[in-house]
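Data block below; observations after.
Chains as they are written, first to last, in our numbering: chain L, 1 to 154; chain X, 1 to 187.
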């Protein structure tokens with residue numbers, strides 16, 4: 001068997017087979033459940049979405065998503081259902097309307113306002129700081145001149 | 001920096017401090033409900049003790065108190081006596097119905113709980129969590145009051161004890177029971 005083929009087979013053996021199996025087993029419904037579940041917050045664990053959460057409530061919510069898909073509901077209808085039960089809190093990303101805009105824009109506003117204050121303060125300090133008095137460079141003495149010449153030659 | 005800018009900066013810092021305070025000391029589990037004044041979702045499920053089907057529809061036109069509980073829930077045990085007392089207070093009013101909803105529980109554990117702590121009203125099992133999700137429940141105990149028109153009028157997350165009990169009985173349920181249900185005529 002040529003060496004190159006042996007190397008290829010050896011490389012293939014290092015790929016975990018269950019990983020492939022998991023991807024291949026995922027149906028269209030599974031993918032849709034995952035995509036929707038990733039956008040919804042687990043109300044028990046809060047920092048996780050219901051796809052990643054192991055909480056029983058998150059598991060039941062994934063079941064509800066699956067049932068609604070089976071009933072022919074689309075992604076927006078399913079998200080709207082959870083929104084009608086739990087409010088904006090259920091969404092991993094706050095919707096961009098009303099007071100929620102503050103959440104989206106506040107970091108940039110703070111950056112701009114902070115930058116403005118910093119600029120104003122720095123220019124103020126620069127203006128207020130007196131310039132150092134200008135003095136002529138002292139002439140080189142003989143010892144220094146000789147040392148420079150020695151270093152340039154070496 | 002002018003005084004105006006200094007004042008603005010101080011106000012901004014105070015605002016940030018208030019948000020920080022809320023984030024640190026506010027209740028992170030509190031989710032404001034969006035269900036008040038909306039139609040109570042109908043449900044159907046087996047009675048914990050008899051297995052007979054109970055549905056919300058069969059109590060149309062009455063004030064319904066729904067109490068979500070579980071046998072593994074410590075706070076449910078804390079409020080249980082008050083819940084029984086609340087039922088005792090209104091049970092003779094034909095306009096009032098009280099239902100327990102057994103949430104994320106095993107049937108034998110739920111039956112044992114009711115036997116141990118006592119029960120004077122029916123309890124419906126939420127088999128797949130659908131009922132709880134329909135009501136935006138995220139923990140137990142949670143209590144809902146539904147008015148004669150089928151609208152959710154009150155929600156409380158946590159045990160019904162002390163001031164909460166007084167508020168629920170005197171300011172929520174009693175006024176609703178005195179209120180006459182509005183009748184709609186259909187042609």
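Where a beta carbon is used, it is the ideal one built from N, C-alpha and C, also for glycine.
Limits of the unbroken alpha helix (DSSP H) element including residue 147 of chain X | Counting along the chain, residue 147 of chain X falls outside any alpha helix (DSSP H), and DSSP gives it neither H nor E.
So which residues on chain X does residue 108 of chain L lean against when the C-beta distance must stay under 7 Å?
-> Neighbours of residue 108 of chain L on chain X: none; closest Cβ ~15 Å, over 7 Å.
Cβ of residue 44 of chain L within 8 Å of any chain X Cβ | yes
Exposed unless 16 or more other CB atoms sit within 10 angstroms - verdict on residue 37 of chain L = buried
Let me know if residue 144 of chain X comes out buried or exposed under the rule of 16 or more other beta-carbons within 10 Å of its beta-carbon.
-> buried
Which of the three DSSP states, helix, strand or coil, is assigned to residue 98 of chain X?
-> strand
Quick one: list the residues of chain A neighbouring residue 32 of chain X, beta-carbon separation under 8 Å, in chain order.
-> Within the model displayed, chain A is absent; protein chains L and X are what it includes.
Since I believe residue 33 of chain X is in contact with residue 158 of chain X (beta carbons under 8 Å), could you give me their beta-carbon distance rounded to a whole number of angstroms?
-> Actually they are not in contact, since the Cβ atoms of residue 158 of chain X and residue 33 of chain X sit about 13 Å apart, beyond 8 Å.
Going by Cα to Cα distance, which pick from L/60, L/103, L/89 is closest to residue 16 of chain X?
-> L/103
Cβ-based neighbour list, residue 79 of chain X, same chain, cut-off 7 Å, excluding 5 preceding and 5 following = 141, 159, 160, 161
Rounded separation between residue 68 of chain X and residue 176 of chain X - CA only | 21 Å
Examine the Cβ distances between the region 78-98 of chain X and the region 118-130 of chain X and report whether three or more of them are shorter than 8 Å.
-> yes
Rounded separation between residue 32 of chain L and residue 39 of chain X - CA only = 29 Å
So is residue 71 of chain L in contact with chain X if we call contact Cβ pairs under 8 Å?
-> no
As assigned by DSSP and simplified to three states, the class of residue 116 of chain X | helix
So who's on the other strand from residue 126 of chain X, going by DSSP bridges?
-> X/103
What are the start and end residues of the beta strand (DSSP E) that includes residue 67 of chain X?
-> 63-69
Exposure label - residue 112 of chain L; buried when at least 16 CB within 10 Å = exposed
Under three-state DSSP, which class holds residue 45 of chain X?
-> strand
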